[in-house]
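*Asks:* Numbering (the numbering used here), first residue to last: 9 to 177.
Where a beta carbon is used, it is the ideal one built from N, C-alpha and C, also for glycine.
Once you've had a glance at the structure underneath, I'll fire off some questions.
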Ligand code: FES
Ligand code: FES
């Protein structure tokens, strides 16, 4: 067993874990933050997406110990039912979900994607890597391609993202 300390949703947390514990299991099973979902548990669906150190990651592909000292944001840390994050509010407004299982991962990814675009992080669909990326529909769809939705809410998710991005999509 090994100790790990990280800040989750602004709160310092300390756990003693089997070193093989994934970040996803640490969040769900040890910290009881069950908003982050386990879909495939091997990096194919994006349901487990959280923001760690400012970057979106698949929590199922990452060991908790790798995040010692990191600041981690899960869906519980983005907003509350009374005070939704603008992306959560946009998902509600645009009906960006059906069953909701993929939604926490979609929302965390969407928030981080708009941040990536604002920071000028390039993508595969960018025609000119020297130009700053725009929050276009194709950019957002490419960057969200790791988040699978079995219900097929993709168009509404893209609309929600475009709304938060200021209609630029
Ligand atoms: S549960 Fe992590 S990618 Fe599917
Ligand atoms: S809303 Fe059901 S899987 Fe996406």
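1) Can you list, in chain order, the residues of its chain whose CB lies under 6 Å from that of residue 74, leaving out five sequence neighbours each side?
2) Using DSSP with H/G/I as helix, E/B as strand and the rest coil, what is residue 97?
3) Give the list of continuous alpha helix (DSSP H) stretches no shorter than 4 residues that lie fully inside the region 41-95.
4) Say the cut is 6 Å; is the CB of residue 53 nearer than that to a heavy atom of ligand 4?
5) Taking the alpha carbon of residue 171 as the reference point, which residue from 28, 30, 19, 148 has its own alpha carbon closest?
6) Got a sec? Which residues, its chain only, sit under 8 Å from residue 150 by beta carbon, not counting five neighbours each side?
7) Does the pairing of the region 47-59 with the region 154-168 give three or more beta-carbon distances under 8 Å?
8) In or out: residue 83 buried (at least 16 other Cβ within 10 Å) or exposed?
9) Within 10 Å of its beta-carbon, does residue 70 have 16 or more other beta-carbons around it, so buried, or fewer, so exposed?
10) Applying the 10 Å Cβ sphere with the 16-neighbour rule, what's the burial state of residue 27?
11) State the start and end residues of the unbroken beta strand (DSSP E) segment that holds residue 16.
12) Around the C-beta of residue 125, are 16 or more other C-beta atoms found within 10 angstroms, so that it is buried, or is it exposed?
13) Are the Cβ atoms of residue 168 and residue 72 separated by less than 7 Å?
14) When the Cα atoms are used, what is the spatial distance from residue 141 to residue 127?
*Replies:* Let me spell this out:
1) none
2) In the structure shown, residue 97 sits in a helix (DSSP, three-state: H, G or I).
3) List check, alpha helix (DSSP H) in window: 83-86.
4) Ligands displayed in this structure: ligand 1 and ligand 2; ligand 4 is not among them.
5) 148
6) 131, 132, 133
7) As far as the Cβ criterion goes, the region 47-59 touches the region 154-168, which means the pair count is three or higher.
8) buried
9) buried
10) exposed
11) 10-16
12) Under a 10 Å Cβ-count criterion, residue 125 is classified as buried, with 16 or more other Cβ atoms of the shown protein chains found around its own Cβ.
13) no
14) C-alpha of residue 141 to C-alpha of residue 127: approximately 9 Å in a straight line.
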